[in-house]
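Residue numbers (the working numbering): 167 to 356.
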């Protein structure tokens, strides 16, 4: 009886482990695209091939200016607390509607004491001297971000999967499981 219970435990544990998946988050260059996507990885130069999910999300980062940030845009901003005590953006990304709510909130970034990541909705913008002050809200809070001149501002746009072509620099996200590797998001990089 004890052996049967132990065998059942091992089988159920093995089955559960076999069903787990691991995330894919890599950067590289598109080698080939068709029903599958082959990418030459930046770090190892190895070629990996992925099945493309039926609802593949393809995004493109496009450089824009501070003036392109509008109220109700959903943005992500890495920022550092300056000597003035305020958060100064290091970069700002304007998300497409399909990504509204992604990572929403404000939190320390990568364990750095003075850096934060804020994903929030713009509720107001105001030019102050040579800076642009963004007021953003997220569940449970509101924050002010200072976007100084020269800070990179990028708009992330949803594009058709036909935009993915050999030779393009990409970020590939998805998961690897027992059935293979599937990509759910491809971001075209400039």
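For each residue, glycine too, the CB sits at the ideal point set by N, CA and C.
- Fully enclosed beta strand (DSSP E) runs of no fewer than 3 residues occupy 253-261, 271-274 of the stretch 248-284, in order along the chain.
- For residue 187, DSSP assigns no beta-bridge partner whatsoever.
- In this structure, the alpha-carbon of residue 245 lies about 11 Å from that of residue 310.
- In this structure, residue 312 and residue 254 form a Cβ contact; the two beta carbons are roughly 5 Å apart against a cut-off of 8 Å.
- Every beta strand (DSSP E) of 3 residues or more that sits fully in the stretch 288-315 is shown, in chain order, as 297-304, 307-313.
- By the Cβ-count criterion, residue 186 is exposed, with fewer than 16 other Cβ atoms from all chains shown falling within 10 Å of its own Cβ.
- Counting along the chain, the unbroken beta strand (DSSP E) around residue 221 starts and ends at 213-230.
- Cβ contact annotation for residue 297 (same chain, cutoff 6 Å, sequence separation greater than five): 312, 314, in chain order.
- Taking a C-beta distance under 7 Å as the contact criterion, residue 353 and residue 259 do not qualify as a contact pair.
- Taking 7 Å as the cut-off, the beta carbon of residue 329 is found no closer than this to the beta carbon of residue 216.
- Beyond the five residues adjoining it in sequence on each side, residue 232 comes within less than 7 Å, by CB distance, of 298, 313, 319 in the same chain, given in chain order.
- Cβ contact annotation for residue 269 (same chain, cutoff 8 Å, sequence separation greater than five): 242, 283, 285, in chain order.
- DSSP places residue 353 in the uninterrupted beta strand (DSSP E) bounded by 346-354.
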